[in-house]
Structures are given as C-alpha cells and as structure tokens.
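Asks:
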Amino acid sequence: MSSHAERYAAFRRRQSASSAAIEAFQGLYGFEFDPFQIKACKALEGGHGVLVAAPTGSGKTVVGEFAVHLALNEGTKCFYTTPIKALSNQKYNDLVARYGAEQVGLLTGDNSVNGEAPVVVMTTEVLRNMLYEGSSTLGGLAYVVMDEVHYLADRFRGAVWEEVIIHLPESVRMVALSATVSNAEEFGEWLQQVRGDTTVIVDEKRPVPLWQHVMVGKRMHDLFVDQEAESTGEGDEGSEGGRSRRKRERRRSQQQRPREIRVGGRTLLINPFLSRAAEEDARTTQLANRRRHPQSRARGNVRPRTRFAPPSRPMIIEELDAEGLLPAITFIFSRAGCDDAVRQCVASGLVLTTPEEADVIREYAESRCADIPRADLNVLGFDSWLRALESGIASHHAGMLPTFKEVVEHLFSRGLIRAVFATETLALGINMPARTVVIEKLDKWNGETHASLTPGEYTQLTGRAGRRGIDVEGHAVVIWQAGTDPESVASLAGTRTYPLNSSFQPSYNMAVNLVGQVGRRRSRAMLEASFAQFQADRSVVGLVKKLRKHEEALEGYAQAAECHLGDFMEYAGLRRALSDRESSLAKTRSIRRRDEALESLETLRPGDIIRIPSGRYSGHAVVLDPGLRHDLPAPLVLTVDKQVKRINSGDFTVPVRASGRMRIPKSFSAKSPRSRQDLASTLRNKLKEQGTEPTYERGRDRGDREDSEVKRLRAELRAHPCHGCADREEHARWAERYHRTKKDTDALRRRVEGRSHVISRTFDRVCGVLEDLEYLSGDSVSEDGGRLAKIYSELDLLVAECLRRGVWKDLTPVDMAAVAASLVYEARRGDDPYPRVPEGRVEEALKEMLRLWGELNEVETRHRVSFLRRPDLGFVWTAHRWARGDRLDAILSRTEMTAGDFVRTAKMLVDMLGQIAVAATDQQVRSNARKAADLVRRGVVAYSSLT
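Start counting the sequence shown at 1337; every next residue gets the next number (my numbering).
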C-alpha cells in the first residue's frame, strides 16, 4: 500500500501532465485516464494532430471523444469517421447519450440524421465524397477523428482513408486512432509530411493482461510457462477454477525442458505438455500412415491424426463456464458454422441465463423487432433465434439481419448473452469485449485457399479478450486440432504487432475529381504525397545506397583498366562483341546439329544397325521400332548389352546413319530375356562381319570462318592500339569486372525507377484511359467526365459509359433495379455460375453492358491498368423479383443467400441507384432510377434502427 506522500506525488505528476479542460473531460468518465490518453489529449489541446496506436480495448477512443468535446466547447465542428456503418451507429448512440440528439448527427449510406449538427458521425466514404463535391457541410470543420485508421491497408477500401487524409484542409486537426502496428512511427512521419505537426503516441500495454491457453481434449492448458514457474512450480496463467490442477501439471512437466521461441526480441517458453502432445500426434499420424495401402502411401497427402479429439462446442462453453471464463466469443470462420454452433448448444440443453435474465432478453429483442412484419420474422427464423438468445447464446456474422446483429451486440455488452459464435468481422471495430476469446481453427478460407492466420489477424481476434474495468485478466483459448504445432501457436500469440501497408491506387472517379479541381500537374503532386508512395520511396532507400556503391565501383574498375596506348574500354567492347558473336554462332550450330539429328532419326527403320555416340547407352544397337513420343522420333533399340531402351535426339551430337541392317524375328519379344539375348548375339555377329565401323567425325563447321562479322571484329581487334599492350590481359580482367558490375548496376537502376513515382505513373495511365474515352482533355473535364465524378463504385467507368450510350434509357423501374444489381453484387464461392436473368429488355441491357465492359477492358489493357471487374449477374433475378413486389419468403426460398446478405446487397443497390439518379442527365433514366430505389427500399431493407 503506497503512503499518503507517494499518492500525493503521483497526483501532482498527473496534474502537471494534464490540464483543466482534460480534468473536466475526465470527469465525464467513471475511471482515471491512462498516461497515453492524457498525453494525446494534451497534444490535441495544444493544436497538434494526433496519431494514437494502442491495443484493442485500451480506450484510445477517449482521445477521439476529446476532439468532440473541444469542438463543442469552441463552437466549431467535429466529424467522427468509422470504417463500417454498424460502428457509426454505435458511436452515434454513444455520443447522443452524452451530448443530446440536437448536438450529434449521423451520415451513412443508410441513414441521414441531423447532418448539419456540430458533431457528425459518418463512414469514411461519406467524408471522401463531401471533399470531392466541396460540400457546404464542411464549413466550420475543425476536427476529424479517423477511427480504425489501420483500415487503409484494406485492399478494397483502404484508398479512401488516404484520399481523406491528403485532401482535408490544412486547418483541420486530425485524430487518427489505430490498432498497435509495428510501423506506427513510419505512418506518423507520413502524417507529419502531409498534415503538418502530428504527435505520435504508441502504447503497446494492454489495459487488461492477456493469458494464452490451448484446450487439448476437454482440458485447458497454459500455452506459455515462465522461468520462475518452471523452477518453482508456482504461478499460473489461468483462472482460479483451473489453477491448482494446472500447477500440478506444471510440476509433472518439469522433467522435460520447455522449448524456447524468440519473438520480437523476447524469449518465450512453451508448455512442455503441449510439445509432448504434438510429438504423440506425430507418432499417431506416422503409425496410421504405415497402416495405409502402399498405393495410398505413394500418393502422399498424409492427413494429420490426433489422440486428443476436439471437444464439442457445447462442451467447450461448459468448460469455460466451469473455469469462470464467460462471457466468451468463439471465432468460427464460417457463417454456417456459427449458426450450427448455436443449434448444437441449444439442442444440448445448455442454458447460461436465469429465468429473470431470459425475460429481459425476450422483452428487449421483441421491442427492437416490433416494426418488422411478422411474416418476415417467420422467414428470418425469429423464434429459434429468440430461443437461443434466452439461453444466453447467439451467433454474429454478416449473413444476419442487421437488426438481429444490433440486438446481439447490445445484449452481449450488458452481460446477458454469454456465448457468441462469430466470424472474424466481429473483430473489426464493433465494441463487444469479452472475458475470453476462443479460436476454433488457426486457418481460414481467404477466397482462394485455406490460409493460416497471420499474427495481425490473431492479434485482432484476441484483442477482444478482457473487459476494462470488469475483468482482472483476459483469456485467449486455441482449440487443439490434428496437426496443431505449439511453436506456430506461440509465434502467433507472441507477435503483438503487425505492419501497416498502404493499398492506395488511383481510380477513374478520383482522377476526374482531382483534375477538375486542381489540374493534372497538382493532382500528380498530391498523389505523390500518398502513404503508398511514401512507403515505396522508403523501400528504395536501400537500393539507392547499393546503386551508389556499384557506381563508385564502376569508376574504380574503369580507372584500373586504363591503358597508355588507347581506350581499353573500347578494346574490351570489341572483345566482348567477338565473344558474343562466336557464342551465338556456336548456339546456332548446336541447334542445326540437333535438327539434323532429329531428321536422321525419322529415317530409321526396324533392323537398322546404328551407333549411339553419347549418353547412358552409347555403343551399337539395332532399331526395334522407330516410334514417336510427343510427335518427336524416339526409336526403341536393343543394345549389344541386351538392354531394350528408347532413345532420342539428346543421345546424338551428330546425325545418325545406319551402318547395316539385320532381320528382326517375328517371334521377338522385348519382354523375353531369351529373345533379347539371342538378338543381341546376332547383332554382335553382324558387327564382326561388317568389320570396323566408320567413326563419327564431328567435322569442322566452317560457318564461323566464313562469318563476315567475326572476320571484321578480329581485324578491328588486331588493329586496335591496345592489342599490343604488354599488360593487355591485366587490363582485360578489370574491364570484365566493369562489364559484370555494369549489368548489375543497370538492373538495380531499373528496380529503383520501377518503384519511384509508381503512383503518379499509374495516375498517368488512368488519365490516358480517360483521354481515349474523352472524359478528360488535358486539364479539362468533359461533361461526361463530370458525370463520372459523381459515381463512386468499382465499376464507375462502366456506369458512366452506360449513361453516355443510353443503355438504360428504355428500362422500367423494375428492370432498372435488376440491371443495376450487376454493378454491386460479387458472387461467393459455390454460387451458380450461370444465374437466371429476366428475359427481354433486362437481358438485352445486360448483354450490352457486358459488351461495353469488354471494350473498356481492351482500353485498359492498352494502357496497362486493370480496375474494372466483370459485372456479376448473381443478384439480378433476386433484385428483379424484390423490386416487382415478391414476398421475402418466396425470394429467400429460391436462393442460397442469407437474409443478412440479401439486406446488405439490397442497400448497396439502393445506394447505386441513387448515384445513377444523381449522375444521369436523361430525365427518364433519372426518374426510373429513383423509382427503382423506392421499390427496393421496402420491408426489411427499409427497416433501420438507431436506438
């Protein structure tokens, strides 16, 4: 217990680091701020931009909320941006609860609430669009908070974050909140370069310690042991429920020294029990492989086996409950797997709530879903979902109805849901901390293959473990599977950070917006300021140093090769040219000889006696079959040593000639040893009768003597002044070093040039495409280009072309919804490769869109870019049916699509139709696009709740 004097000294230190405004702000919270939070708030108050990189759950959003607090006190504006709509909704509710609905607005693709408020929560794309459009809402903006800024590494959406950072007015102070990344200082340097004075604050300490475990069979074991515990058998990394048992296990494991693994400069000791379990599994797998049929073993592909069968999902939850480790999030990298896990737990009779808690859950869930028609609730499986909720069990994934997900998030945050089975999307920003995180498998499908989790993904998932202010410690549990390697798990768990790499690249929409605002030259300069180019330039630094060393070496070699009689580098060039010419002629002769050998093999007949000049079977042989292999002659022969072999042109350095003939008996069988012996004996006798075989003479190819280029080069060499130098060969050695180093130097220079100005080169290619299509002309944006500037989509250029060429002019609103669906949907694995589409106008319009896409693809190929994916027809029929008024149950019963996927894709379709309506100049297309959006925006698609 610290003394009164020590506590007072600590108070004075905190007071000196803080300020009156920060102290007042801290009073709004129920806890004392950490040093990194105070430091960041102080920097922000002092007029600096701030980058805060800290672990998930550490409270870095406090810094973003301080920017909101400052804006309200100063009478200015603050925009709080998030990467996903669900997180925007959550932050909006938090800020409304603190400051009131009149002070806070929300702008996402789905909602527009009080958009002119002093504090507006929005998705990052909304802010990007505002910047390009020069929105009046930007007036008075003083602060922008970019939550989850590490999203800029996302290869699909990451460019948006860099666009915002680059294009925000210099007067706006930015608060960038990031997960702990290993290159935070590098990212901070870039922010200072493009945004001015930016304070970088990195805090790697988790507010709640995280203990790592592995569940082997039905029992949980610590992943790591420490030196002290290993020597004394004391200390544990677990919960109280299993502490004494794991102490006993540790004492038993002292007989085996734990394996060491070094991660990030730290030495970690792996639990010996896990190492023994892996060894036992390896022996089990080896034994099972020995028992397989020899042909099966030859095929390889040994499936790992284990003595420790993974427990069922209900058993895992029961074990965690017994250890006092609930609430828990179990990550299963499959939506169907998450739903199956919930069904298994409910079917097993698992109940994690009291009757009173179940009543509260039911009341809340029913009130939140009251506006959804009962018929739709039946289709969505509301009753079974509610039954699982009442037991304290739920799933959470992108295939769920958004309202259902929001209910799960709310109940879990209140502690009423105690077991959630989720896909990795839950780890991306939603505030749902748990005491324990369970990872069922350490690999997942990435769209192309089953890939192992990266340290960054593992850190992101386990970052949910440990609730600040509630849990003393958090727990991460990996389920032991066949083939689990403790060292791999330890490496994942021990690597606390991962690098942040830019995914930025110019797009067509970005190009026309930038050129229209600031012209081509300034646009290139702005894009050169991107984090992508900053990182590319950093990566070039080492190459440039190496290039300089090579250039210095070239100077030294050139000096060493100097000759007092003349220009020795010129003389060395002649020698090299002569050598290259002679090598080329030798290669030509070799190819000619091979062709002649091939032609001669084609003339052989059964019974021809030949001599094989080289190879394994050199010597005399008789041709049994002139046969072909892969359309090339490959005769079957019998050698004098009784070997039956197939030969080819590789065995002949010169054309083959038959030196005689002999008869092959009709009864001869190549498989019969007796037949081979008799024929080989006959061959030897025939050779004796023939006498000495004419030898194969390679013969001198006079092509080089007659080559005029060789004659000329030799004459120039003899006439050169340096040819008579006494130190000629010494000079030549230095000249050869110069030549080899020059080749390496040129290759290095090409690599440096390839990485330098890579973003601006891509921008020039994009502009080249746009100029070919007449969207740009120098620094001028055409009327069609202005239309393109209003379209924010992967297929922006295709949409603009369809509008320009009137592809959608004769469509009805229902048809319009169907064709626009091809612009927003991307098929998942297992989708029908030949989806149904409505006949008539829709089918014709889609054919024209695909033809246009092919034209654009050719233009892109000419300019060496590839941005436009092929339109996907997988949602066309579904969108058509929904727009014409079909019931939800009728639609979902005919498709593999989940309700959540349907709602999400339909909302994307509404957004796309809205963009088409804004960009279209044809009144009929504009009207039909708006009507189509209204037709799609109904039922579960229209329902959205913020409370």
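All C-beta atoms, glycine included, are put in the ideal place defined by N, C-alpha and C.
Keep in mind it's a predicted model, so treat the numbers as computed, not measured.
#1: For the beta strand (DSSP E) that phenylalanine 1415 lies in, which residues bound it at each end?
#2: Which residues in the same chain as arginine 1635 place their Cβ atom closer than 8 Å to its Cβ, once the five residues preceding and following it in sequence are excluded?
#3: Apart from the five residues just before and just after glutamate 1864, which ones in its own chain have a Cβ nearer than 8 Å to its Cβ?
#4: May I have the straight-line CA-CA distance separating alanine 1758 from phenylalanine 1748, to the nearest angstrom?
#5: Rounded to whole angstroms, what is the Cα-Cα separation between glycine 1799 and cysteine 2103?
#6: Roughly how many angstroms lie between the CA atoms of glycine 1892 and arginine 2073, to the nearest whole one?
#7: Which whole runs of the beta strand (DSSP E) in the segment 1505–1567 are 3 residues long or more, in chain order?
#8: Can you tell me which of the three DSSP states glycine 2104 falls into?
#9: Take leucine 2159 and list the residues in its own chain whose beta-carbon comes closer than 6 Å to its own, dropping the five residues that flank it on each side.
#10: Identify the continuous beta strand (DSSP E) that holds histidine 1900 and give its terminal residues.
#11: If the criterion is Cβ atoms closer than 8 Å, does the pair arginine 1929 and threonine 1989 meet it?
#12: State the beta-bridge partners of serine 2118 as determined by DSSP.
#13: Would arginine 2020 pass as a contact of valine 1973 if the rule is Cβ separation under 8 Å?
#14: Could you tell me whether any non-hydrogen atom of the ligand NAP is closer than 7 Å to the CB of glutamate 2194?
#15: According to DSSP, is leucine 2228 helix, strand or coil?
#16: Any idea what DSSP makes of tyrosine 2354, helix, strand or coil?
#17: Since asparagine 1849 and alanine 2125 are thought to touch, with beta carbons under 8 Å apart, how far apart are those beta carbons, to the nearest angstrom?
#18: On the CB-based measure, 16 or more other CB atoms within 10 Å of its CB, does aspartate 2120 come out buried or exposed?
#19: If distances are taken between C-alpha atoms only, which option among Pro1646, Ser1985, Phe1904 comes closest to glycine 2060?
#20: Is it right to say alanine 2006 is buried, meaning 16 or more other beta carbons lie within 10 angstroms of its own, or is it exposed?
#21: Would you mind reading off the limits of the alpha helix (DSSP H) that contains threonine 2214?
#22: Would glutamine 2259 be called buried (16 or more neighbouring beta carbons within 10 Å of its own) or exposed?
#23: For the segment 2237–2251 and the segment 2168–2175, state whether three or more C-beta atom pairs, one from each stretch, are separated by less than 8 Å.
#24: Along the beta strand (DSSP E) that carries arginine 1947, what are the first and last residues, could you check?
#25: Output the distance between the C-alpha atoms of alanine 2269 and arginine 2187, rounded to the nearest integer angstrom.
#26: Have a look at the DSSP bridge pairing and note the partners of aspartate 1779.
#27: Is there contact here, the segment 2208–2220 with the segment 2139–2159, by at least three beta-carbon pairs under 8 Å?
#28: Where do the N-terminal and C-terminal ends of the beta strand (DSSP E) with isoleucine 1815 fall, by residue?
#29: Looking only at its own chain, which residues have a Cβ that is under 8 Å from the Cβ of histidine 1557, when we skip the five neighbours before and after it?
#30: Tell me, which residues are paired with phenylalanine 1667 by DSSP?
#31: According to DSSP, simplified to helix, strand and coil, what is methionine 1998?
#32: Residue ranges of each alpha helix (DSSP H) run of no fewer than 4 residues wholly in the segment 2120–2155, ordered along the chain?
#33: Over what stretch of residues does the beta strand (DSSP E) that includes tyrosine 1479 continue unbroken?
#34: Please report the straight-line C-alpha distance between glutamate 1699 and cysteine 1705, rounded to a whole angstrom.
#35: Under the three-state reduction of DSSP, which class applies to threonine 1975: helix, strand or coil?
#36: Could you tell me whether the segment 1819–1826 touches the segment 1610–1620, using the rule of 3 or more Cβ pairs below 8 Å?
Replies: Judging by the given coordinates:
#1: 1413–1418
#2: Low per-residue confidence applies at arginine 1635: pLDDT is 47, beneath 50, and the placement is therefore not dependable, though the value from the model is reported in the following sentence. Taken in chain order, the list of residues that qualify is empty.
#3: His2093, Ile2095, Ser2096
#4: Distance between the alpha carbons of alanine 1758 and phenylalanine 1748 is about 12 Å.
#5: 43 Å
#6: Note on geometry: alpha-carbon atoms of glycine 1892 and arginine 2073 lie some 10 Å from one another.
#7: 1509–1514, 1534–1538, 1546–1552, 1555–1558
#8: helix
#9: The answer, listed in chain order, is Leu2131, Met2248.
#10: Premise fails: histidine 1900 is in no beta strand (DSSP E) and is neither H nor E.
#11: yes
#12: According to DSSP, serine 2118 bridges with nothing at all.
#13: no
#14: In terms of ligand content, the structure shown is empty, and the ligand NAP therefore cannot be addressed.
#15: helix
#16: Residue 2354 lies beyond the range of the chain shown here (1337 to 2283); nothing can be said about it.
#17: 5 Å
#18: buried
#19: The residue with the shortest Cα to Cα distance from glycine 2060 is Phe1904.
#20: Result: exposed.
#21: 2212–2219
#22: exposed
#23: no
#24: 1944–1948
#25: Cα atoms of alanine 2269 and arginine 2187: separation of roughly 25 Å, rounded to the nearest angstrom.
#26: Ser1788
#27: Yes, the segment 2208–2220 is in contact with the segment 2139–2159.
#28: That run of the beta strand (DSSP E) goes 1810–1815.
#29: His1549, Val1550, Met1551, Arg1582, Glu1585, Asn1607, Phe1609, Leu1610
#30: Ala1758, Ile1775
#31: coil
#32: 2132–2140
#33: 1477–1482
#34: 10 Å
#35: strand
#36: yes
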